[in-house]
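Residues 58 to 279 (our numbering) are what the sequence shown spells out, left to right.
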Amino acid sequence: MNSGKLDAAIQECDQAIAADPKMWEPYQAKANAESALGNNDAALAAFDAGIQAAKAAIASRPQPEKTRAGMAPMPNVEADKAKAGLGQMLNSEADIYARLHQDDKAIPLFTQAAEVASYPALPYLNLCAMYFNRKNYNGAMAACDKAIASDPTMAEAYFVKGSILFGQGKLQQGKYQAPEGTREALNKYLEFSPEGQNAPNVRAMLAKLGPKIESTDKPKAK
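Structure representation (structure tokens):
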């Protein structure tokens, strides 16, 4: 895989799977290689098998109970590794369905991935983008907020959120008024990705909003 010999990698993965069909790692590696070669059906089949193997591996290694009162259980390394792999495979399989424009299959997989992934911000961002493309702005906002809560530095989540809020604005008395939080989300994008591909669009939206006007009213004396 690392040297780019994908056909050879697939053959090695098949041998590993034949030797121990319960291992999830060879399925994941094979699926990634098939996907890189553009073999979507083969990749999806391998991801399906790997997902089932990872779920079985997690189920066979339940988290240990606390050893003594007040003490945390010992980490279950193998189960945690399988759980991380499960999240990766669910997200990768959903990516393929998204590329194939099969959103109804991609969305549930992204949702499942977010529940188990070691980095849930990524599947949440993917959900955010998918809902946005389907014009389900409530769903997109909810997914973006979850992505930001998981990773407060995720610039693209701020961009989608800011774009949704900006699109809800209206021209009032010659000035474009957008909902509260629009400017903050757009500025957050520029904070974390000042040279990102969406930076020109963000700056254009901020320019349309105009400069932020701070209130000059002084509090009245009681």
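Backbone N, C-alpha and C fix where the C-beta goes; we use that ideal spot for every residue, glycine too.
Nothing here was measured: the structure is a model prediction, and the numbers come from that model.
When we look at the beta-carbon of asparagine 255 and count the other beta-carbons within 10 Å, is it buried (16 or more) or exposed? buried
Just mark alanine 113 as buried or exposed, buried being the case when its beta carbon has 16 or more other beta carbons within 10 Å. exposed
Could you check the C-alpha separation between valine 259 and isoleucine 164 for me, to the nearest Å? 27 Å
If you drop the 5 nearest sequence neighbours on each side, which residues of the same chain put their C-beta closer than 7 Å to that of glycine 238? Leu222
Taking C-beta to C-beta, are alanine 151 and leucine 166 nearer than 8 Å? yes
Output needed for leucine 263: all residues of its chain with C-beta closer than 6 Å, excluding positions within five of it in sequence on either side, in chain order. Leu243
Would you report the Cα separation of glutamine 234 and lysine 245, rounded to the nearest angstrom? 19 Å
With a threshold of 7 Å on Cβ separation, who are the neighbours of tyrosine 181 within its own chain once the five nearest residues in sequence on each side are excluded? Correct list, in chain order: Ala171, Ala200, Lys203, Ala204 and Ser207.
What does the alpha-carbon distance come out to for the pair leucine 143 and tyrosine 176? 12 Å
Helix, strand or coil: which one does DSSP assign to leucine 266? For leucine 266, the three-state secondary structure derived from DSSP is helix.
Just verifying my parser: in three-state terms, what is the DSSP assignment at lysine 112? helix
Consult DSSP for proline 79 and reduce its assignment to one of helix, strand or coil. Reading off the sequence, residue 79 comes out as lysine, not proline. Reduced to three states, the DSSP call for lysine 79 is coil.
Serine 149 and phenylalanine 104 - do their beta-carbons sit closer together than 8 Å? yes
Counting only the same chain and skipping the five closest in sequence on each side, list residues whose C-beta sits under 6 Å from that of cysteine 70. Pro83, Ala86 and Lys87
Range covered by the beta strand (DSSP E) that runs through leucine 228: For leucine 228, the uninterrupted beta strand (DSSP E) segment begins and ends at 227-229.
Could you give the uninterrupted runs of the alpha helix (DSSP H) lying entirely in the segment 180-245, keeping only those of 4 residues or more? For the segment 180-245, the continuous alpha helix (DSSP H) assignments of 4+ residues that do not extend past its boundaries occur at 194-207 and 212-224, in sequence order.
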